[in-house]
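Inspection log for the structure reproduced underneath, given as C-alpha cells.
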Amino acid sequence: MNGKIALIGTWKMSAAGLYEAKELLLGGASAGDAVVHAICRVEDNPDYCSVGYGGLPDAEGRVRLDAAFMDGNTLRMGGVMSAEGIRNPIRAARLLCGRETNCLLAGHGAERFALENGLEMRDMRTASSQRRWREAVAKQPDRLTAYTGHDTVCVLALDEKGHMAAGTSTSGLFMKAPGRVGDTPIIGSGFYCDARYGAAYR
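Per this note's numbering, the sequence shown starts with residue 64, numbered consecutively.
Right, here's the structure in full:
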C-alpha cells in the first residue's frame, strides 16, 4: 500500500464525479469503483450531450453508446459498442472486464448482457437530443464533423493500494451511421492502463 491516490478526468463534465470519486478513494474504495462512479455521473446528466442520457443521436435518431473499462493490474478490459438502452454502459463494460473471452460486446449482444446482469435500462433519448436530430435531418448535411464541444469522457484512477483503472464512455459522432464505432471503446486506441507504468487516454 503506497497511500497515494490520483484521479484524472476529461472535460469540465467530469468534475462533479471526480470530486465524489476522490472522497471514495480517500475512504478506501478501489480505483475501479472510483472510475465507474465518476463516469456514471456524466452518463446520467442530460446536460452533456456527447455521453449517455440525452447523447448525440445517430442518423436514425437513436442513441447508440460505446464504453470501455480496463484494469491496470490485470491488463484485462471490457467494453460495449453500439448499444442502446443501457443506462450506464460503463457498468456493463466493467462487468465484462476480466472475462477471458467475449469481453467486448456490440449491439444486441451488449444489451442482452446488460439485461441478464440486472443493469438498469432506459430510453436514452431526450426531447433536446431528438430536436437536435430533427434539425440536422432537415438540413441534410452532406458531411459529418466531430462534435466541437464536449466529447468522450475518460477517467483514470489510482487507489491507495496502487491499483489503477481507466474507463471511457460516449454516444459517438453526431449523425453517425448506425453501427459506427470510434476509438473510445478500443483498447490501445481510445485509452490504455498499466499499473506498472501509468494510464492514458486519447
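Ideal Cβ placement from N, Cα and C applies to all residues, glycine included.
Note that the structure is a prediction, hence the values are computed from the model and not measured.
Boundaries for residue 176: no beta strand (DSSP E) harbours it, while the alpha helix (DSSP H) harbouring it runs 170-179, taken from the DSSP string. In the DSSP annotation of this structure, the continuous segment of the alpha helix (DSSP H) that includes residue 103 starts and ends at 94-106. Using a 10 angstroms sphere on the CB of residue 241, the tally of other CB atoms stays under 16, which defines it as exposed. Under the three-state reduction of DSSP, residue 195 is assigned to helix.
About 7 Å separates the beta carbons of residue 219 and residue 264, which is inside the 8 Å limit, making them a contact pair. In this model, residue 235 and residue 119 are separated by some 7 Å (Cα to Cα). In this structure, DSSP gives residue 200 a helical state, which the three-state scheme calls helix. If you ignore the 5 residues before and after residue 69, its C-beta comes within less than 6 Å of the C-beta of 221, all in its own chain and listed in chain order.
Rounded to whole angstroms, the gap between the alpha carbons of residue 138 and residue 239 is 30 Å. Comparing alpha-carbon positions, the option among 249, 256, 106 and 217 lying closest to residue 188 turns out to be 106. Taken atom to atom, the span from the alpha-carbon of residue 224 to that of residue 132 is near 19 Å.
Residue pairing by DSSP places residue 216 opposite 232 in a beta bridge.
Counting the other Cβ atoms within 10 Å of the Cβ of residue 78 gives fewer than 16, which makes it exposed. In the three-state scheme derived from DSSP, where H, G and I count as helix and E and B as strand, residue 255 is classed as strand.
Looking at the DSSP output, residue 167 sits in a beta bridge with 142. Under the three-state reduction of DSSP output, residue 122 falls in the coil class, being neither helix nor strand.
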